[in-house]
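With the first letter of the sequence shown counted as 1, position 120 gets the number 120 in the numbering used here; the numbers rise by one all the way through.
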Amino acid sequence: MNLVEFFSNANVFLGLPATVIFLLVGIILTLKTRFIQFRGIPRLFSFAFKGFEKRSSTKSENTISAFHAMFTAMGTSLGMGNIVGPSMAIIVGGPGALFWLVMYAFFGGVTRFVEATFAIVTREKDANGDIVGGPVQYLKLVNRWIANWYGGVMILLFAIWSGMQSNTLANILAKESVPKWWVGLSLAVVVAVVLHGGARRVGLVVSKLVPVMFVLYMFFSLWIIFGDFLALKTALNLILSNIFTPAAPVGAFLGSAISNSMRIGIFKSIFITEAGLGTSSIPHSLSDAKRPTDQGLLAMYSICADAFLSFVSGLVVIVTGLWITASELDPTLVYTAFKSYTPFLGGSVLIISVTLFVLTTVIGNSFNGMQSFVALVSNRWLIYYKIFALIVIFFGSMVSVPLIWQLVDFLITFVAVPNVISILILAFTNPEALDIKREIPVIYLDVKK
Numbered sequence: 001m002n003l004v005e006f007f008s009n010a011n012v013f014l015g016l017p018a019t020v021i022f023l024l025v026g027i028i029l030t031l032k033t034r035f036i037q038f039r040g041i042p043r044l045f046s047f048a049f050k051g052f053e054k055r056s057s058t059k060s061e062n063t064i065s066a067f068h069a070m071f072t073a074m075g076t077s078l079g080m081g082n083i084v085g086p087s088m089a090i091i092v093g094g095p096g097a098l099f100w101l102v103m104y105a106f107f108g109g110v111t112r113f114v115e116a117t118f119a120i121v122t123r124e125k126d127a128n129g130d131i132v133g134g135p136v137q138y139l140k141l142v143n144r145w146i147a148n149w150y151g152g153v154m155i156l157l158f159a160i161w162s163g164m165q166s167n168t169l170a171n172i173l174a175k176e177s178v179p180k181w182w183v184g185l186s187l188a189v190v191v192a193v194v195l196h197g198g199a200r201r202v203g204l205v206v207s208k209l210v211p212v213m214f215v216l217y218m219f220f221s222l223w224i225i226f227g228d229f230l231a232l233k234t235a236l237n238l239i240l241s242n243i244f245t246p247a248a249p250v251g252a253f254l255g256s257a258i259s260n261s262m263r264i265g266i267f268k269s270i271f272i273t274e275a276g277l278g279t280s281s282i283p284h285s286l287s288d289a290k291r292p293t294d295q296g297l298l299a300m301y302s303i304c305a306d307a308f309l310s311f312v313s314g315l316v317v318i319v320t321g322l323w324i325t326a327s328e329l330d331p332t333l334v335y336t337a338f339k340s341y342t343p344f345l346g347g348s349v350l351i352i353s354v355t356l357f358v359l360t361t362v363i364g365n366s367f368n369g370m371q372s373f374v375a376l377v378s379n380r381w382l383i384y385y386k387i388f389a390l391i392v393i394f395f396g397s398m399v400s401v402p403l404i405w406q407l408v409d410f411l412i413t414f415v416a417v418p419n420v421i422s423i424l425i426l427a428f429t430n431p432e433a434l435d436i437k438r439e440i441p442v443i444y445l446d447v448k449k
């Protein structure tokens, strides 16, 4: 048994119970917050129209604006996963996996709301005065051992996650005869330069790139989807008819027939939206928002962009029929669709948007990894983590595609399960922190050293 088979079998074994936990926690939190997904809409429009930036009361050189925090978080979730993740889910779980991928985003939204809110109310400052916040901090309120476990695995996951992004970009550009090692090296150099500028530079760069890459990618994706209404109708029928009975080209080898669509769809949704991982709460914890729950609402509603972009990417693969002929985990299906079914600019536009997607995701993941490292270890040794992350980005561009995807799914289970159970406990033990009607900031919870 090789490593790919080992992690694949482990993911099948652990995947179903983990999927049930993720879904149950999302449903319970939805009920606990009395459907905050709907109740939060008036509040969202209220601070949006009144000028959210002006309402910030904690602005300092160590924080970033609420919207920069949101775009930084979106920079990691709006990434290569939105392009490649749905096609991978469809190859393994069939078209029905796309339904579960989007459906989980509804319950995952409230999970992100809770994560981002508690990330702010438990944040601290390190010896240099920089803010340290995120899952490692709020997990300390539940159990320090869980916080240390999460932080340790997350440090590794962030680095490997970035390596996977590098791997996907390298495989796409390899079709244009670009050496994989060159892609890895270039990406590592750019990330090193951006990260040297700290939180503000990360927020500034990502907040400007996210809207550009989103618009470019969406335009050509919708061109393909609405270019054949008959194929679109067939695609939608395939999705609905395969919710519980997957018709996947390789799914029979990678999962059970009954649960495969749900398991793959929900896992890829967590991978794409980061709802349940807690990772998106790290940049949100740097926000200068007046109310922690306001930032929580931004975190929750920004998941709509993730879900929509993922659904569109999945439709591109189904409408073009490329998923049917896929015999293995192929991260280049959407690229093939763009190059084959759009005008001559399609392939070039995808390469540009994909490069931006990867760049923002790797920047965000590397920054989040640094935050986790500081929270768990010390700012003193941060330089060594930076070097490690850059090395993984470089070598990640050249490793096996199935191995790195299976490894990421494996690690996700071991960070997401303790995280979602812990935020469920926090939601019940500190319900006042999630009250969006409070007129004053919630009292910061004491995280004992």
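A virtual CB, placed ideally from N, CA and C, is assigned to each residue, including glycine.
Between the options, which has its C-alpha nearest residue i's C-alpha?
{"i": "Thr429", "options": "Phe13, Gly321, Val142, Ala89", "result": "Val142"}
{"i": "Phe244", "options": "Ala231, Ile264, Leu232", "result": "Ile264"}
{"i": "Ile352", "options": "Ala97, Val215, Ala18", "result": "Val215"}
{"i": "Val20", "options": "Ala305, Ile324, Ser313, Ile270", "result": "Ile270"}
{"i": "Pro418", "options": "Thr342, Ala119, Val136", "result": "Val136"}
{"i": "Val183", "options": "Phe410, Ala275, Thr355, Gly108", "result": "Thr355"}
{"i": "Ala18", "options": "Ile266, Thr168, Gly94, Tyr384", "result": "Ile266"}
{"i": "Gly347", "options": "Ala275, Trp223, Glu5", "result": "Trp223"}
{"i": "Val420", "options": "Thr234, Tyr301, Asp228, Leu23", "result": "Leu23"}
{"i": "Val189", "options": "Lys437, Ser366, Phe410, Asp435", "result": "Ser366"}
{"i": "Thr320", "options": "Thr342, Tyr385, Ala305, Phe308", "result": "Thr342"}
{"i": "Asp288", "options": "Ser87, Ile131, Ala10", "result": "Ile131"}
{"i": "Gly26", "options": "Ala275, Asn260, Arg43, Ala305", "result": "Ala275"}
{"i": "Ile324", "options": "Pro42, Ile90, Ala147", "result": "Ile90"}
{"i": "Asn379", "options": "Lys125, Ala305, Ala97, Ala147", "result": "Lys125"}
{"i": "Ser310", "options": "Tyr217, Met154, Phe6", "result": "Tyr217"}
{"i": "Tyr138", "options": "Ile436, Leu426, Lys290, Val12", "result": "Leu426"}
{"i": "Ala433", "options": "Val401, Tyr384, Arg291", "result": "Arg291"}
{"i": "Phe6", "options": "Asp306, Trp405, Asp435, Gly129", "result": "Trp405"}
{"i": "Phe308", "options": "Asn9, Phe229, Met103", "result": "Met103"}
{"i": "Leu195", "options": "Phe45, Pro431, Gln371, Ser8", "result": "Gln371"}
Check whether the Cβ of residue i sits closer than 8 Å to any heavy atom of the ligand SAH, and report yes or no.
{"i": "Thr117", "result": "Ligands displayed in this structure: none; no statement on the ligand SAH is therefore possible."}
For a quick check, are the C-beta atoms of residue i and residue j less than 9 Å apart?
{"i": "Thr413", "j": "Gly15", "result": "yes"}
{"i": "Thr332", "j": "Ile172", "result": "yes"}
{"i": "Ser272", "j": "Asn82", "result": "The amino acid occupying residue 272 in the given sequence is Ile; Ser does not appear at that position. Cβ distance < 9 Å, so Ile272 and Asn82 count as in contact."}
{"i": "Arg123", "j": "Gly134", "result": "yes"}
{"i": "Ile36", "j": "Met300", "result": "yes"}
{"i": "Phe99", "j": "Phe220", "result": "no"}
{"i": "Val377", "j": "Asn260", "result": "no"}
{"i": "Gly369", "j": "Tyr385", "result": "yes"}
{"i": "Pro86", "j": "Gly314", "result": "yes"}
{"i": "Leu382", "j": "Val153", "result": "no"}
{"i": "Gly151", "j": "Phe373", "result": "yes"}
{"i": "Asn11", "j": "Asp409", "result": "yes"}
{"i": "Gln165", "j": "Met80", "result": "yes"}
{"i": "Gly94", "j": "Ile436", "result": "no"}
{"i": "Thr336", "j": "Leu345", "result": "no"}
Can you give the beta carbon distance from residue i to residue j, rounded, assuming they're within the 8 Å contact cut?
{"i": "Leu232", "j": "Ile225", "result": "6 Å"}
{"i": "Leu390", "j": "Ala192", "result": "6 Å"}
{"i": "Lys268", "j": "Leu101", "result": "5 Å"}
{"i": "Leu3", "j": "Leu403", "result": "6 Å"}
{"i": "Ala105", "j": "Ile303", "result": "5 Å"}
{"i": "Leu277", "j": "Ala416", "result": "5 Å"}
{"i": "Val334", "j": "Val316", "result": "6 Å"}
{"i": "Val362", "j": "Leu187", "result": "6 Å"}
{"i": "Thr168", "j": "Val399", "result": "So it is not a contact: roughly 11 Å between Cβ atoms."}
{"i": "Lys180", "j": "Ser397", "result": "5 Å"}
{"i": "Phe107", "j": "Thr33", "result": "That belief does not hold up - the Cβ atoms of Phe107 and Thr33 are roughly 11 Å apart, past 8 Å."}
{"i": "Leu185", "j": "Phe394", "result": "6 Å"}
{"i": "Asn237", "j": "Gly96", "result": "The pair is not a contact, with the Cβ atoms about 11 Å apart (cut-off 8 Å)."}
{"i": "Ala235", "j": "Ile146", "result": "So it is not a contact: roughly 42 Å between Cβ atoms."}
{"i": "Gly163", "j": "Val401", "result": "Not quite, the Cβ-Cβ distance comes to about 12 Å (not below 8 Å), so this is no contact."}
Please name the residue or residues paired with residue i in a DSSP beta bridge.
{"i": "Val212", "result": "Answer is none; Val212 lacks a bridge partner."}
{"i": "Glu124", "result": "Val132"}
Quiz item: Would you say the region 278-295 touches the region 109-117, given that touching needs at least three Cβ pairs under 8 Å?
Solution: yes
Exercise. Say whether the region 115-126 touches the region 286-296, bearing in mind that this needs 3 or more beta-carbon pairs closer than 8 Å, one atom from each stretch.
Key: yes
Quiz item: Within the chosen definition, does the region 145-160 reach the region 173-181 through at least 3 CB pairs nearer than 8 Å?
Solution: no
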